[in-house]
Amino acid sequence: MMKEFKEIRESSIPPSQLVKTAFDKNPDKNRYRDVFCVDETRVVLNYPPKTTNDYIHANWVDVVSMKQRFICTQAPKENTVEDFWRMVWQESCRSIIMLCNIMECGKKKCEQYWPAEEGQSKEYGTLKVTCSRVIQEEKMLTISNLIVTNGNKKLTLEHIAWNDWPDRGVPNNFLAPFRLLQRIKNQIHVVIHCSAGITCIFIVQINI
Numbered sequence: 001m002m003k004e005f006k007e008i009r010e011s012s013i014p015p016s017q018l019v020k021t022a023f024d025k026n027p028d029k030n031r032y033r034d035v036f037c038v039d040e041t042r043v044v045l046n047y048p049p050k051t052t053n054d055y056i057h058a059n060w061v062d063v064v065s066m067k068q069r070f071i072c073t074q075a076p077k078e079n080t081v082e083d084f085w086r087m088v089w090q091e092s093c094r095s096i097i098m099l100c101n102i103m104e105c106g107k108k109k110c111e112q113y114w115p116a117e118e119g120q121s122k123e124y125g126t127l128k129v130t131c132s133r134v135i136q137e138e139k140m141l142t143i144s145n146l147i148v149t150n151g152n153k154k155l156t157l158e159h160i161a162w163n164d165w166p167d168r169g170v171p172n173n174f175l176a177p178f179r180l181l182q183r184i185k186n187q188i189h190v191v192i193h194c195s196a197g198i199t200c201i202f203i204v205q206i207n208i
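Mapped onto full-length UniProt numbering, the consecutive letters of the sequence shown carry residue numbers 1 to 208.
Spelled out as structure tokens, the structure:
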């Protein structure tokens with residue numbers, strides 16, 4: 001793994017040379033100034049039609065060994081929650097994996113961007129999100145079944161919150177990531193976020 005990391009680092013474009021025009025134009029939508037959203041792979045919002053607001057801090061990540069694409073994004077801010085759900089709807093995402101808590105060490109790391117209680121509904125722009133069921137798996141995973149509606153159209157998905165994934169460090173349960181991967185292995189578009197959007201360590205495990 002260290003050899004592969006070294007090869008990737010040597011062949012990668014240095015951060016100072018990355019094109020991040022959209023990131024620079026939308027500072028109020030970025031959670032951290034030093035975690036870039038690169039133009040080449042960013043998710044471009046085109047919903048609703050004719051929108052002029054196409055930016056969200058989110059990038060596509062392909063897994064070469066599988067027909068699977070991930071969207072790595074930062075934890076929604078108060079002013080980007082609606083954009084987040086626009087993206088989920090646009091890309092027909094069936095799973096959202098949350099690798100952070102709302103509050104960590106007394107600091108807010110993520111907005112409460114989904115209805116967390118059974119039967120609860122919230123509206124985000126033109127989209128209505130309803131929580132139909134909440135399941136607690138072991139101590140670390142809270143799985144919410146969500147229904148997103150837009151007029152007479154509907155999208156069902158799972159929101160999987162990993163409750164003890166630390167902002168800095170590694171999880172205590174090393175088998176849990178593999179069980180979680182089994183839930184999403186056949187899905188094409190999966191959204192993954194921590195606080196900053198640096199979630200590649202989770203995706204790397206798919207190739208192990």
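Built from N, CA and C at the ideal position, the CB exists for glycine as well.
Which term fits residue i, buried or exposed, when burial requires 16 or more other beta carbons within 10 angstroms of its beta carbon?
i, result
"LYS29", "buried"
"ARG42", "buried"
"MET103", "exposed"
"CYS72", "buried"
"PRO27", "exposed"
"CYS105", "exposed"
"GLN51", "Here the sequence assigns Thr to residue 51, which means Gln is not the residue at that position. So THR51 ends up on the exposed side."
"GLN182", "exposed"
"GLU91", "buried"
"GLN112", "exposed"
"GLN136", "exposed"
"GLN17", "exposed"
Determine the contact status of residue i and residue j, defining contact as a CB-CB distance below 8 Å.
i, j, result
"ALA161", "ARG31", "no"
"GLU118", "VAL129", "no"
"ILE56", "PHE84", "yes"
"residue 209", "PRO48", "Because the chain is modelled from 1 through 208, residue 209 falls outside the range shown and cannot be assessed."
"VAL191", "CYS93", "yes"
"PRO76", "CYS37", "no"
"ASP39", "THR21", "yes"
"LEU155", "TRP114", "no"
"ARG69", "ILE188", "yes"
"HIS159", "LEU146", "yes"
"VAL61", "ASP54", "no"
"GLN120", "HIS193", "no"
"GLU78", "TYR124", "no"
Please state the DSSP three-state secondary structure of residue i.
i, result
"THR41", "helix"
"TRP60", "strand"
"VAL19", "coil"
"ARG133", "strand"
"GLN182", "helix"
"TRP114", "coil"
"GLU138", "coil"
"residue 209", "There is no way to answer for residue 209, as the model of the chain reaches only from 1 to 208."
"GLU91", "coil"
"LYS25", "helix"
"GLU78", "coil"
message: Within 8 Å, do at least three Cβ pairs link the segment 85 to 102 to the segment 134 to 151?
response: The segment 134 to 151 is in contact with the segment 85 to 102.
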